[in-house]
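S.K.: Submitted below is the structure of interest, expressed as structure tokens.
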Amino acid sequence: MNTISCVDIVKVFGTYTALNHVSVDVPKGTIFGLLGPNGAGKTTLIRIMNQITVPNSGTVLFDGRPVVPDDVYRIGYLPEERGLYKKMKVGEQAMYLARLKGLSRSQAMAELKKWFVKFGIEGWWNKKVEELSKGMAQKVQFITTVLHRPELLILDEPFSGFDPVNVQLIRDEILRMKAEGTTIILSTHNMASVEELCDNIALINKSNLVVTGGVEQIRREHGSSQVEVLYRPSQASADIPAPSVLTLVSDGEYKDIRRAVYDVVKGTPSGEILAALAGSGIDVVSYRELIPSMNDIFIKLVKGEDK
Numbered sequence: 001m002n003t004i005s006c007v008d009i010v011k012v013f014g015t016y017t018a019l020n021h022v023s024v025d026v027p028k029g030t031i032f033g034l035l036g037p038n039g040a041g042k043t044t045l046i047r048i049m050n051q052i053t054v055p056n057s058g059t060v061l062f063d064g065r066p067v068v069p070d071d072v073y074r075i076g077y078l079p080e081e082r083g084l085y086k087k088m089k090v091g092e093q094a095m096y097l098a099r100l101k102g103l104s105r106s107q108a109m110a111e112l113k114k115w116f117v118k119f120g121i122e123g124w125w126n127k128k129v130e131e132l133s134k135g136m137a138q139k140v141q142f143i144t145t146v147l148h149r150p151e152l153l154i155l156d157e158p159f160s161g162f163d164p165v166n167v168q169l170i171r172d173e174i175l176r177m178k179a180e181g182t183t184i185i186l187s188t189h190n191m192a193s194v195e196e197l198c199d200n201i202a203l204i205n206k207s208n209l210v211v212t213g214g215v216e217q218i219r220r221e222h223g224s225s226q227v228e229v230l231y232r233p234s235q236a237s238a239d240i241p242a243p244s245v246l247t248l249v250s251d252g253e254y255k256d257i258r259r260a261v262y263d264v265v266k267g268t269p270s271g272e273i274l275a276a277l278a279g280s281g282i283d284v285v286s287y288r289e290l291i292p293s294m295n296d297i298f299i300k301l302v303k304g305e306d307k
């Protein structure tokens with residue numbers, strides 16, 4: 001079951017096509033990475049999901065049915081462009097935004113107190129927003145995005161501007177909300193966060209959907225098949241294993257042993273690879289498959305190097 005699906009979305013601004021027949025499914029209870037370079041169309045797609053703008057054609061489904069205006073109360077959206085009213089007091093600002101999300105004053109106060117204590121900013125309730133550091137202001141905005149307990153949470157570059165301690169705080173909250181059943185869309189350029197947090201991704205480039213699927217599936221399908229072997233040679237120059245199985249890419253000193261990288265024919269069983277290594281005259285210390293990072297795959301796909 002998908003929390004939200006975008007089906008064949010087209011969005012045109014004048015003569016510019018921002019989204020060209022883009023379809024994505026966001027499974028319920030998962031963290032979904034929405035990736036792409038600047039100007040790819042990610043923010044436009046997010047705004048269509050939020051009903052901030054409408055597509056020229058295509059359909060957005062929420063829980064399997066066409067989205068309706070009241071669905072915005074079931075969504076939390078943290079935009080990349082942060083914005084709070086600088087002259088308002090922090091507590092007044094947070095209360096105002098909570099009421100906009102449909103909470104009563106008593107509900108909002110209870111939730112805000114809990115979140116302010118959790119994020120260590122309870123002492124800032126009566127301060128003006130303009131007195132806050134960037135990180136403090138972003139904590140307030142994150143709180144007002146999630147305090148109504150949305151079923152779908154859309155976070156656009158949520159870690160921007162945070163120090164490592166607060167990045168971990170936000171990551172922990174994201175994982176906690178996922179564990180409680182919240183579906184989360186994470187739009188970010190931080191590929192390490194994608195690998196750590198995301199179950200599935202969609203990559204948009206130049207208004208088109210380039211790839212979508214599970215993170216591990218995409219890493220394996222779009223990466224080169226290579227293995228790393230740490231070994232001790234039993235002779236001055238070890239024989240290269242049979243070229244029908246392995247092709248040597250690099251071989252050099254590594255600490256007090258050696259490290260070799262081989263290209264492997266896709267689908268070759270590990271047992272066959274290890275058998276080839278065993279017959280090559282080397283004493284294998286360790287062996288592992290080299291699965292490319294999402295950062296490497298992102299660059300390859302965006303540059304069009306992986307067709």
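For what it's worth, full-length UniProt numbering labels the leading residue of the sequence shown as 1, then goes sequentially.
Heads up, the beta-carbon is just placed ideally off N, CA and C, and yes, glycines get one too.
Following the continuous alpha helix (DSSP H) through Y96, name the residue where it begins and the one where it ends.
M.R.: Element bounds for Y96: V90 to L100.
S.K.: Going by CA-CA distance only, name the one from L155, N205 and F298 that's closest to H222.
M.R.: The residue with the shortest Cα to Cα distance from H222 is F298.
S.K.: V284 and Y262: beta carbons closer than 7 Å?
M.R.: The answer is no: Cβ separation not under 7 Å.
S.K.: Using only the heavy atoms of the ligand SAH, determine whether one of them is closer than 6 Å to the beta carbon of G120.
M.R.: Absence of the ligand SAH from the depicted structure is noted, as is the absence of any ligand whatsoever, leaving it without description.
S.K.: Under three-state DSSP, which class holds D199?
M.R.: D199 falls in the coil class under three-state DSSP.
S.K.: So, under 8 Å CB-CB, I184 and F32 are touching, yes? Tell me the CB distance rounded to an integer number of Å.
M.R.: Between F32 and I184 the Cβ distance is about 7 Å, and since that is below 8 Å, they are a contact.
S.K.: For V165, count neighbouring Cβ atoms within 10 angstroms of its own Cβ and tell me buried if that reaches 16, exposed if not.
M.R.: By the 10 Å Cβ count, V165 comes out exposed.
S.K.: Taking a contact to mean a Cβ-Cβ separation below 7 Å, would you say N205 touches A18 in this structure?
M.R.: It is not a contact, given that the beta carbons lie outside the stated cut-off.
S.K.: Span of the alpha helix (DSSP H) holding P164?
M.R.: Note, P164: alpha helix (DSSP H), P164 to A179.
S.K.: With 16 other CB atoms within 10 Å as the buried threshold, where does D70 fall?
M.R.: Flag for D70 reads exposed.
S.K.: Can the beta-carbon of V76 be found closer than 7 Å to that of L197?
M.R.: In the sequence under discussion, the amino acid at residue 76 is Gly, which differs from the Val named in the question. The answer is no: Cβ separation not under 7 Å.
S.K.: Would you tell me roughly how many angstroms separate the C-alpha atoms of S237 and A275, rounded to the nearest one?
M.R.: With a pLDDT of only 47 at S237, under 50, the local geometry of the prediction cannot be trusted, and the value read off the model is given with reservation. Roughly 19 Å between the two C-alpha positions.
S.K.: Just checking my contact of G58 with I9 at CB under 8 Å: how many whole Å lie between their CB atoms?
M.R.: Indeed, because the Cβ distance is near 4 Å, the residues count as touching under 8 Å.
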